[in-house]
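Residue numbers (this note's numbering): -5 to 136. The beta-carbon is built from N, C-alpha and C at its ideal position, and this holds for glycine as well. The model shown is predicted, which means the values in this text are computed figures rather than measured ones. Everything below concerns the one structure shown next.
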Amino acid sequence: MPPANPHRSKLVVAWLACLLGVFGAQWWYLGRQRAWMVTAFSCAMIVLAQLYPDWWENPPFLMLLIPITAGFTEALIFALKPDDQFDLKYNPASGRTTKTGWGPVILAIFTTLLSGIVVTGGISIAVIYVYTSMGWLDGLVL
-5 MPPANPHRSK LVVAWLACLL GVFGAQWWYL GRQRAWMVTA FSCAMIVLAQ
45 LYPDWWENPP FLMLLIPITA GFTEALIFAL KPDDQFDLKY NPASGRTTKT
95 GWGPVILAIF TTLLSGIVVT GGISIAVIYV YTSMGWLDGL VL
């Protein structure tokens, strides 16, 4: 039987947000209500993206940039939030205190690098998709 007031790890929440934030995994871990909405949205967009000839270049796949960006943002917020503030909000009655050290700082650096690559790439794909769909690149020789 799980404890009534589990102690939640700030580092685990930040890792979940960074790597699985597109599905709202950090919301499930924290026990937030309506976590299923993020998961359902992402799964629906992935299923809809499969209906297009190019699964990576279509509106449903590009809509995944919203939860991806939100996940990276939450990962940075959780990683850089002071331990006492995290405990006050997410571990009020666990009886333990969070002592994280350098792990969240390294995670924040990793998240910044990964989010820079993923979000910039996603924006680039979105711009090319819009330009191609509107015919602005017709006749352009690169």
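Hey, does residue i have any beta-carbon neighbour from chain B nearer than 7 angstroms?
i: Ala8; result: Absent from the structure: chain B. Only one protein chain is present.
Going by CA-CA distance only, name the one from the options that's closest to residue i.
i: Leu101; options: Asn(-1), His1, Pro0 and Val7; result: Val7
i: Asn52; options: Thr63, Asp78, Ile60 and Met39; result: Met39
i: Trp96; options: Leu74, Arg90 and Asp81; result: Leu74
i: Gly137; options: Pro47, Tyr84, Thr33 and Trp50; result: The question about residue 137 has no answer here: the residues shown for the chain are numbered -5 through 136.
Can the beta-carbon of residue i be found less than 7 angstroms from the beta-carbon of residue j?
i: Ala120; j: Gly65; result: no
i: Leu42; j: Pro54; result: yes
i: Ser88; j: Pro61; result: no
i: Ala29; j: Gly15; result: no
i: Arg125; j: Leu134; result: Residue identity check: residue 125 is Tyr in the sequence provided, not Arg. Cβ distance not < 7 angstroms, so Tyr125 and Leu134 don't count as in contact.
Please check the pair residue i and residue j, which I expect to be a contact at CB under 8 angstroms, by giving their CB distance rounded to whole angstroms.
i: Thr94; j: Lys4; result: 6 angstroms
i: Asp77; j: Thr67; result: The Cβ separation is near 20 angstroms, so there is no contact.
i: Tyr123; j: Leu56; result: 7 angstroms
Excluding five sequence neighbours on each side, which residues of the same chain lie with their C-beta closer than 6 angstroms to the C-beta of residue i?
i: Gly116; result: Leu59
i: Leu13; result: none
What do you reckon, is the C-beta of residue i under 6 angstroms from a heavy atom of the ligand ATP?
i: Gly15; result: Looking for the ligand ATP in the displayed structure turns up nothing, as the structure carries no ligands at all.
Residues in its own chain within less than 8 angstroms of residue i by CB, not counting five upstream and five downstream?
i: Val112; result: Ile62 and Phe66
i: Tyr23; result: Arg2, Val6, Val7 and Leu10
Just to confirm my understanding: we take residue i, look at its own chain, exclude 5 residues before and 5 after, and list those with CB closer than 7 angstroms. What are they?
i: Asn(-1); result: Ala87 and Ser88
i: His1; result: Asn85, Ser88 and Arg90
i: Thr33; result: Phe17 and Gly18
For residue i, count neighbouring Cβ atoms within 10 angstroms of its own Cβ and tell me buried if that reaches 16, exposed if not.
i: Trp21; result: buried
i: Thr105; result: buried
i: Pro98; result: buried
i: Ser109; result: buried
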